[in-house]
Structure formats: structure tokens, C-alpha cells
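Residue numbers (full-length UniProt numbering): 1 to 293.
From the three backbone atoms N, C-alpha and C, an ideal C-beta is built for every residue, glycine too.
What follows is the structure in C-alpha cells.
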């Protein structure tokens with residue numbers, strides 16, 4: 001039987017600083033030297049094939065035993081209680097119900113609906129496209145999972161010099177797609193539930209959330225993986241102050257949540273910057289020790 005996990009070792013070479021990375025790293029692994037491409041392709045094939053033999057939770061469990069121990073010997077992970085999930089779900093549906101049924105504060109209603117669309121969309125894209133199983137619909141539709149599997153090879157959150165940073169941020173075309181798809185979904189909700197929201201409001205809200213989401217994702221995701229480069233083909237990383245209590249609490253949640261996503265093998269915590277759906281849909285895992293910022 002063919003052993004797909006016998007990948008050739010990574011060619012050795014002198015490490016370079018992030019500022020001096022070869023140009024092929026920025027353009028993507030498809031532009032890499034042949035020796036690098038062979039290693040990346042064999043590793044991706046091995047990872048996808050191994051995970052394809054297991055259901056999502058089983059694959060996540062395999063990652064938990066190994067990856068979590070490498071992150072912290074004293075750390076533990078737990079799911080929220082059924083009671084807390086039920087309370088959160090009830091609150092979410094009550095809020096959405098109010099937005100649909102009430103005519104009060106139409107702008108606030110639109111913003112709440114837009115957040116719901118973006119947070120659920122983030123969860124869907126991350127779970128079913130970035131973590132798409134080999135041969136699945138998400139795998140056939142987009143190559144996002146190829147980059148994302150490569151991105152998950154590093155357990156310690158600090159990317160190696162040969163890793164493709166295109167897996168870390170949204171490019172301008174992705175932002176444009178978010179604007180158009182978000183506006184279309186909001187317009188459909190408006191038509192279905194007779195919300196009477198002007199289309200220019202819908203489009204404006206979609207533009208606002210797409211830009212905000214991509215700025216947060218590009219900034220926080222790059223920061224969490226300790227990659228600091230000027231982006232030429234995506235919204236730039238922005239500087240932020242952690243001194244304000246609310247900002248500090250949010251940043252702490254983002255780092256804890258996404259580090260756990262890597263520690264437990266990628267099978268949990270699919271939301272990155274928009275909390276909510278993970279908790280309600282049963283894919284949230286909490287860590288016992290906070291990540292040091």
C-alpha cells in the first residue's frame with residue numbers, strides 16, 4: 001500500500017528574516033522552487049488524506065492529544081455547558097426576532113442583521129472551505145483549503161520561513177466578493193421578511209462590515225502568527241492600542257480563541273474575529289490558560 005506520509009524532508013538552508021523572505025513566498029507556493037513545491041505538495045496530500053479517513057471530531061481529537069501538549073503541558077480545553085449554550089442561543093434568536101419583527105431603530109436592526117450574516121459567513125467559510133475535506137464541494141470550488149492546510153502545519157503559531165503568507169489574509173478580490181455576497185444576502189432577507197430597508201443602506205452596511213472584518217482579520221491573524229509585512233494586495237494591517245479595557249478584552253479573546261483552534265487540530269473555534277456562531281453551533285472550545293499577549 002502506498003504510504004502517502006513519506007514526504008521528503010524540507011531542503012535545508014540558511015534562515016532569513018521576514019523582511020528578506022524570497023519573493024516567491026509572497027506570490028505563493030506555486031511559484032516556489034521545485035524542491036520546495038514537492039515538499040509542500042506531499043505534506044498537504046498527507047494531511048488531507050489522513051484527515052479524510054476520520055470524521056471532523058475524530059480528526060480534531062487526534063490533533064488535540066499532540067498539538068495541545070506542545071502548546072502547554074498545563075493547559076486544558078473544555079466545551080461550554082448545555083445550559084450556557086441554550087441561554088446564548090435563546091438570546092441570539094430573541095435579538096434576531098426583534099430585528100425582524102420590530103420597526104424600531106431600523107439602522108440598528110440592519111447592523112445587527114449584518115453582523116449575523118458576517119459572523120455566520122466567517123464560520124461557514126472557515127469550516128467548509130478553509131477546512132474542506134478532500135473531494136468535498138468546498139475542496140472542488142476553491143483552493144482555499146490547500147493554503148490553509150499548509151498554514152496549519154506549524155503547531156507553535158510562528159510560521160516558518162517557507163510558509164505561504166497568502167493563507168493569512170484576505171486579498172482585495174476576497175473583500176469585493178464579501179461586499180457583493182453580503183449585500184445580496186441582506187437584500188434577500190429584506191425581501192423575504194419585508195423589512196423595507198433601502199438598498200443603499202444594505203450596500204453601505206455590507207461595505208462597512210467587509211472592510212472592518214478584513215482589516216481586523218488581516219491585522220489580528222498576521223499578528224497572532226508573528227508575521228509583520230506590508231500587504232500590497234489586501235487591506236493593510238493597522239496598529240491598535242491594547243490599553244483600553246474593552247479592546248484588551250477583545251484582543252485577548254481573539255488570541256485565546258484562535259490559538260485554541262490551532263492547538264486542538266483545527267476542528268473547533270472557526271470564528272476568528274466575529275464571535276457567536278461557534279458557541280451556538282457547538283464548535284467552541286475554551287482553554288484553561290490565557291495566551292500571553
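- Across the structure, residue 98 and residue 289 are spaced so that their CA atoms are roughly 36 angstroms apart.
- Excluding residues up to 5 positions away in sequence, 138, 141, 142, 144 and 145 lie with their Cβ nearer than 8 angstroms to the Cβ of residue 129 in the same chain.
- Contact between residue 168 and residue 225 holds, with the beta-carbon distance rounding to 6 angstroms and staying under 8 angstroms.
- A distance below 7 angstroms between beta-carbons, with the five flanking residues on each side excluded, links residue 76 to the following residues of its chain, in chain order: 288.
- Taking the Cα positions, residue 234 is about 23 angstroms away from residue 259.
- The continuous alpha helix (DSSP H) containing residue 109 extends over residues 106-125.
- Residue pairing of residue 78 in beta bridges, as defined by DSSP: 286.
- Within the region 172-205, the runs of alpha helix (DSSP H) that reach at least 4 residues and sit entirely inside it are, in chain order, 172-193.
- Going by DSSP, residue 257 is part of the alpha helix (DSSP H) stretching over 245-263.
- Residue 178 and residue 119 have their C-alpha atoms roughly 12 angstroms apart.
- Here DSSP, grouped into helix, strand and coil, assigns residue 277 to helix.
- Under the 10 Å beta carbon count, residue 282 is surrounded by fewer than 16 other beta carbons and is classified as exposed.
- When DSSP states are grouped into helix, strand and coil, residue 223 belongs to the helix group.
- In this structure residue 242 is exposed. Its beta-carbon is surrounded by fewer than 16 other beta-carbon atoms within 10 angstroms.
- If you draw a straight line from the Cα of residue 210 to the Cα of residue 125, it is about 14 angstroms long.
- Boundaries of the alpha helix (DSSP H) harbouring residue 141: 137-141, taken from the DSSP string.
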